[in-house]
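Okay, so here's the structure we're looking at.
Numbering (my numbering), first residue to last: 1 to 974.
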């Protein structure tokens with residue numbers, strides 16, 4: 001709290017503000033400060049309310065030792081000043097007897113006799129107040145279930161009793177009954193009992209998250225893996241990082257361990273690292289740590305005990321080390337509970353969980369499925385290719401010779417040779433061979449730098465690649481190898497052009513490429529003693545540079561220049577039998593034809609080239625060639641042929657390293673084709689595969705862009721939890737979490753997640769994220785349009801939450817940004833929706849503000865019309881008239897409502913295939929206002945009877961049924 005409240009009004013405002021905070025240390029500390037401040041006021045009611053808030057903070061902040069102390073104070077105040085307690089506060093007091101019972105049960109240092117004494121106190125208080133005893137028997141059963149003694153009779157005494165106003169909510173009682181059936185081994189009955197909670201029909205503060213965590217394994221055991229997957233995604237989101245739900249998090253970790261999702265389990269453990277230090281409840285610690293140990297034991301048993309793991313603060317942990325620490329702590333907790341209870345229940349329950357074998361070898365939980373190998377620092381960049389890789393030579397001279405030979409051929413098998421040499425050279429005891437055939441150490445270091453530069457260029461790290469190429473060139477010159485130095489400097493020139501062109505306009509970048517080409521030509525002409533291989537590489541760089549320029553500008557002059565350079569390359573490569581450059585020239589030549597609009601010619605070129613590759617190689621160019629054919633087929637609007645080509649390309653690419661085969665782009669292109677073919681689910685799979693390949697090979701920005709597209713597509717498909725889980729995983733990546741990713745891309749990922757949260761009806765979380773994004777985007781001076789859009793969406797969510805003051809502030813920001821970069825339709829939509837929300841929630845009291853929003857929307861519609869803007873759907877004026885109708889109806893202004901709806905119908909015109917739905921809804925609302933509220937039944941029926949056959953003629957069954965049902969209702973009420 002910035003300053004202590006000076007009076008009770010400020011105290012109540014601070015209380016209200018604190019109640020909006022998530023449970024945790026921040027909320028608890030503020031509650032403590034408010035309770036301390038309330039002591040200074042001579043207002044017992046204020047003190048009572050702050051103590052209730054403090055007990056709630058302790059309870060849901062997983063601090064059970066402090067909750068009973070606060071309640072004791074409240075009970076004393078109730079005994080001394082019962083009149084201070086309103087009916088609601090009195091109800092709250094008796095309700096929280098159960099909270100104290102739960103807190104005491106969670107503390108093994110509290111004797112069993114004290115727990116029973118508290119229940120006796122609870123019963124006496126309830127009886128004295130004339131309250132039903134069902135809540136008392138519920139607590140008696142929960143104590144029996146905790147100790148593992150006399151559970152069946154305690155269950156019957158509770159379950160057979162009628163609920164009272166102080167009984168736990170329906171969702172919580174359903175969970176307790178289901179857990180009872182679960183302990184008896186009846187999975188089917190437990191799941192049937194849980195069904196109302198699992199379906200979302202019953203919920204509360206802790207539910208359905210608690211029930212979902214317990215239902216996961218029974219669902220697997222009864223064969224419903226798909227539903228278990230769905231509930232894992234929804235349930236985990238409801239409990240993550242929540243200290244009071246640490247046990248639920250532990251069960252989700254256990255679920256991951258038993259379904260082949262150990263890597264996801266470690267990812268979720270890292271996300272919940274805070275629970276190791278913030279959970280003060282021994283019982284919650286016990287549940288959490290047991291789930292953690294199930295996961296860690298499983299990972300260790302698979303041979304990954306040395307993987308890093310997130311654990312207790314203050315040191316770094318491996319899986320094996322953390323597992324030992326967790327085992328010791330959890331064993332101690334089980335022993336303490338059993339000693340207190342006089343049973344072996346907790347030790348036995350713990351053993352049952354730890355001894356449980358995996359229930360499935362694999363279950364794809366998220367769109368981003370990863371294996372433990374992907375988490376290892378020493379993991380290979382990709383799965384081993386299917387083609388047989390030649391063995392790496394044993395001796396250094398042979399290894400160097402082999403690497404250079406393969407590198408001249410452009411063969412992917414050069415890569416493992418260079419990697420092996422890089423490791424050898426980095427060793428302290430490395431001694432370079434004194435062999436003229438090998439050359440000096442400077443040459444080898446230059447070779448390694450050049451290979452490293454190639455990798456950086458592949459990852460689109462052009463500035464880094466340029467620097468590495470230049471460094472290699474210096475070493476080649478020191479080794480008296482001017483040809484290799486020229487090739488390295490030429491590659492640096494192209495990389496510098498690519499790096500310097502980022503963010504510049506097309507004309508400027510084209511100029512940069514022109515200068516780069518001139519530099520490469522000069523290097524080519526001035527370098528002495530070039531070998532055919534070196535000259536082929538220089539010609540390839542020249543041709544590639546001009547092809548990039550032609551692709552950028554599309555000018556005939558640039559296309560002709562590119563074609564001429566490609567022809568030089570092809571002629572030279574053919575003369576010297578340079579297979580890899582012959583293939584490269586064929587691909588570039590086909591590309592020039594495509595850029596010139598000659599797609600059939602480009603395909604003919606590739607047909608001949610494909611035959612040559614299959615007969616003579618290089619075979620590793622097959623995937624790129626097939627992929628290019630697929631893209632050209634798509635350009636000719638033949639998605640089925642494109643799908644065939646790209647599918648074959650992906651199949652062939654599996655035989656080669658992804659960096660060589662361009663696997664990520666192939667999956668990306670295939671995803672695009674699948675969308676054109678109406679196969680979005682398959683497109684989603686290809687998008688995630690493309691992103692994962694890019695991520696493995698260090699192309700992180702490209703990967704995150706593709707993940708963004710996959711998350712949006714998942715959301716569009718209604719796979720809301722998949723979208724959220726994917727984005728949660730991506731946003732937890734270390735570089736993203738540390739703010740190292742481009743801020744706009746990071747914001748895009750968060751924006752999609754916020755929209756997914758909204759679609760998933762998590763309004764609080766969605767609004768929090770939107771408010772944060774609106775604040776950040778306010779500083780995007782170069783992109784006010786995006787800020788306008790984000791601020792407008794933020795205003796709508798704040799309106800849904802009933803916070804119209806802050807919604808007005810967000811709308812003000814949106815309008816200010818819109819004045820700099822118009823977003824007519826988005827702003828109009830947001831203003832109309834905000835007006836509707838205010839009128840709907842506040843009725844006549846909100847009409848003035850709602851009409852002010854509509855006035856802003858009308859101004860924007862006028863601006864759009866003046867600017868010649870064409871909206872994507874109905875006109876902004878028609879949409880505005882319809883909203884006037886709704887807003888006035890919500891406010892009880894029915895004549896004005898009907899007039900506005902008539903205007904909207906006039907704007908829509910005659911119903912047709914494109915506007916039938918909107919027209920029908922407008923007619924329906926006009927019928928409701930006219931027939932029900934204005935009681936002009938005959939006119940309303942005439943309106944409906946005219947509309948129904950017109951919609952039926954258009955085949956609009958759903959709309960026709962809605963109007964027919966309204967007509968029947970009006971006739972019944974005549």
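Don't be surprised by glycine CBs; every beta carbon is placed ideally from N, CA and C.
Residue(s) in a DSSP beta bridge with residue 347: Position 347 of the chain shown holds residue 347. Within the DSSP bridge table, the entry for residue 347 names no partner.
Buried or exposed by the 16-neighbour rule on C-beta atoms within 10 Å, applied to residue 160: Indexing the chain shown from 1 puts residue 160 at position 160. So residue 160 ends up on the exposed side.
Start-to-end residues for the alpha helix (DSSP H) that takes in residue 122: Within the chain shown, numbered from 1, the residue matching residue 122 stands at position 122. Where residue 122 is concerned, the enclosing alpha helix (DSSP H) stretches over 112-128.
Whether residue 136 touches residue 119 by CB criterion (8 angstroms): The sequence position of residue 136 within the chain shown is 136, counting from 1. The sequence position of residue 119 within the chain shown is 119, counting from 1. In contact: residue 136 and residue 119 (Cβ atoms closer than 8 angstroms).
Cβ neighbours of residue 354 in the same chain (closer than 8 angstroms, five flanking residues each side left out): Along the chain shown, one-based indexing puts residue 354 at 354. Only 290, 293, 294 and 297 meet the Cβ criterion.
Inter-stretch contact at 8 angstroms, needing at least 3 Cβ pairs: the region 833-846 / the region 881-891: Counting C-beta pairs with one atom in each stretch, the region 833-846 and the region 881-891 have three or more that are closer than 8 angstroms, which means they touch.
Alpha-carbon to alpha-carbon, residue 185 and residue 352: Numbered from its first residue, the chain shown carries residue 352 at position 352. Numbered from its first residue, the chain shown carries residue 185 at position 185. When only Cα atoms are considered, residue 352 and residue 185 end up about 13 angstroms apart.
Where residue 822 falls: helix, strand or coil (DSSP): As a working mapping, residue 822 is identified with position 822 in the chain shown. Note: residue 822 maps to coil in three-state DSSP.
Contact check, residue 918 vs residue 908, beta carbons under 8 angstroms: Numbered from 1 along the chain shown, position 918 holds the residue referred to as residue 918. Numbered from 1 along the chain shown, position 908 holds the residue referred to as residue 908. Result yes, Cβ atoms of residue 918 and residue 908 sit closer than 8 angstroms.
Beta-carbon gap between residue 250 and residue 287 smaller than 8 angstroms: Here residue 250 is taken as the residue at index 250 of the chain shown, counted from 1. Here residue 287 is taken as the residue at index 287 of the chain shown, counted from 1. Yes, the Cβ-Cβ distance between residue 250 and residue 287 is below 8 angstroms.
Separation of residue 200 from residue 957, as counted between CA atoms: As a working note, residue 957 is residue 957 in the chain shown. As a working note, residue 200 is residue 200 in the chain shown. Rounded to whole angstroms, residue 957 and residue 200 show a C-alpha spacing of 30 angstroms.
Proximity below 8 angstroms, CB of residue 602 to CB of residue 609: Against the chain shown, residue 602 aligns to sequence position 602. Against the chain shown, residue 609 aligns to sequence position 609. No, they are not a contact pair.
Three-way DSSP call (helix, strand, coil) for residue 152 in this model: The residue you call residue 152 lines up with position 152 of the chain shown. Residue state, collapsed to three classes: helix.
Start-end ranges of the alpha helix (DSSP H) lying completely within the region 622-705, minimum 4 residues: With a minimum length of 4 residues, the unbroken runs of alpha helix (DSSP H) contained wholly in the region 622-705 fall at 622-635, 639-653, 658-661, 663-676 and 680-696.
When 789, 428, 798 and 843 are compared against residue 819, the one with the closest alpha-carbon: In the chain shown, the residue the question calls residue 819 occupies position 819. Just measuring C-alpha positions, the residue of 789, 428, 798 and 843 sitting nearest residue 819 is 789.
Own chain residues within Cβ distance below 8 angstroms of residue 15, not counting five before or after: Numbered from 1 along the chain shown, position 15 holds the residue referred to as residue 15. Counting only Cβ-Cβ distances below 8 angstroms, and skipping sequence neighbours, we find 34, 49, 50 and 53.
Start and end residues, alpha helix (DSSP H) containing residue 55: Position 55 of the chain shown, counted from the first residue, corresponds to residue 55. Residues 44-60.
Nonlocal neighbours in the same chain, by C-beta distance under 6 angstroms from residue 259, ignoring five residues either side: Position 259 of the chain shown, counted from the first residue, corresponds to residue 259. The answer, listed in chain order, is 360 and 363.
Status (buried if at least 16 other CB within 10 Å, exposed otherwise) for residue 636: Within the chain shown, numbered from 1, the residue matching residue 636 stands at position 636. With fewer than 16 Cβ atoms within 10 Å of its Cβ, residue 636 is classed as exposed.
Separation of residue 525 from residue 264, as counted between CA atoms: Position 264 of the chain shown holds residue 264. Position 525 of the chain shown holds residue 525. C-alpha separation (whole angstroms): 55 angstroms.
Spatial distance of residue 825 from residue 722 (CA atoms): The sequence position of residue 825 within the chain shown is 825, counting from 1. The sequence position of residue 722 within the chain shown is 722, counting from 1. So the two alpha carbons sit approximately 29 angstroms from each other.
Residue 11, buried or exposed, once every other Cβ within 10 Å from all chains shown has been counted against 16: Position 11 of the chain shown, counted from the first residue, corresponds to residue 11. Buried, because 16 or more other Cβ atoms sit within 10 Å of the Cβ of residue 11.
One or two residues paired with residue 734 in a DSSP bridge: Here the question's residue 734 lines up with position 734 in the chain shown. Bridge partners of residue 734: none, in fact.
Residue 720 burial status per 10 Å Cβ neighbour count (16 or more: buried): As a first step, residue 720 must be located in the chain shown, where it is residue number 720. It is buried - the Cβ of residue 720 has at least 16 other Cβ atoms within 10 Å.
Under the three-state DSSP convention, the category residue 308 falls into: Indexing the chain shown from 1 puts residue 308 at position 308. Strand at residue 308.
Whole-angstrom distance between residue 963 and residue 858, CA atom to CA atom: Here residue 858 is taken as the residue at index 858 of the chain shown, counted from 1. Here residue 963 is taken as the residue at index 963 of the chain shown, counted from 1. Taking the CA atoms as reference points, residue 858 sits about 30 angstroms from residue 963.
Expected contact under 8 angstroms - CB spacing of residue 142 and residue 122 to nearest Å: Stepping through the chain shown from its first residue, residue 142 is reached at position 142. Stepping through the chain shown from its first residue, residue 122 is reached at position 122. In this structure residue 142 is not in contact with residue 122, their Cβ atoms being roughly 12 angstroms apart against a cut-off of 8 angstroms.
Euclidean distance between Cα positions of residue 812 and residue 713: The residue given as residue 812 occupies position 812 in the chain shown. The residue given as residue 713 occupies position 713 in the chain shown. Roughly 31 angstroms between the two C-alpha positions.
Straight-line Cα distance separating residue 310 from residue 273: Working through the chain shown from its first residue, we reach residue 273 at position 273. Working through the chain shown from its first residue, we reach residue 310 at position 310. Cα-Cα distance, rounded: 6 angstroms.
Rounded Cβ spacing between residue 947 and residue 923 (contact assumed at less than 8 angstroms): On the chain shown, residue 947 is found 947 positions in, with the first residue counted as 1. On the chain shown, residue 923 is found 923 positions in, with the first residue counted as 1. Right, the Cβ-Cβ distance comes to about 5 angstroms (below 8 angstroms), so this counts as a contact.
For residue 270 and residue 239, the rounded distance between their alpha carbons: As a working note, residue 239 is residue 239 in the chain shown. As a working note, residue 270 is residue 270 in the chain shown. Cα atoms of residue 239 and residue 270: separation of roughly 14 angstroms, rounded to the nearest angstrom.
Exposure label - residue 151; buried when at least 16 CB within 10 Å: Your numbering for residue 151 matches position 151 in the chain shown. With 16 or more other Cβ atoms within 10 Å, it is buried.
Buried versus exposed, by CB contacts within 10 Å (16 or more), residue 554: On the chain shown, position 554 is the one that residue 554 refers to. By the neighbour-count rule (16 or more Cβ atoms within 10 Å), residue 554 is not buried but exposed.
Residue of 968, 370, 333 and 422 minimising C-alpha distance to residue 696: For the purposes of this step, residue 696 is identified with residue 696 of the chain shown, where counting begins at 1. Ranking 968, 370, 333 and 422 by CA distance to the CA of residue 696 puts 370 first.
Secondary structure of residue 418, DSSP reduced to three states: Here residue 418 refers to the residue found at position 418 when the chain shown is read from its first residue. Three-state result, residue 418: helix.
Any C-beta of chain B under 8 angstroms from that of residue 101: In summary, chain B is missing from the structure at hand, where a single protein chain is found.
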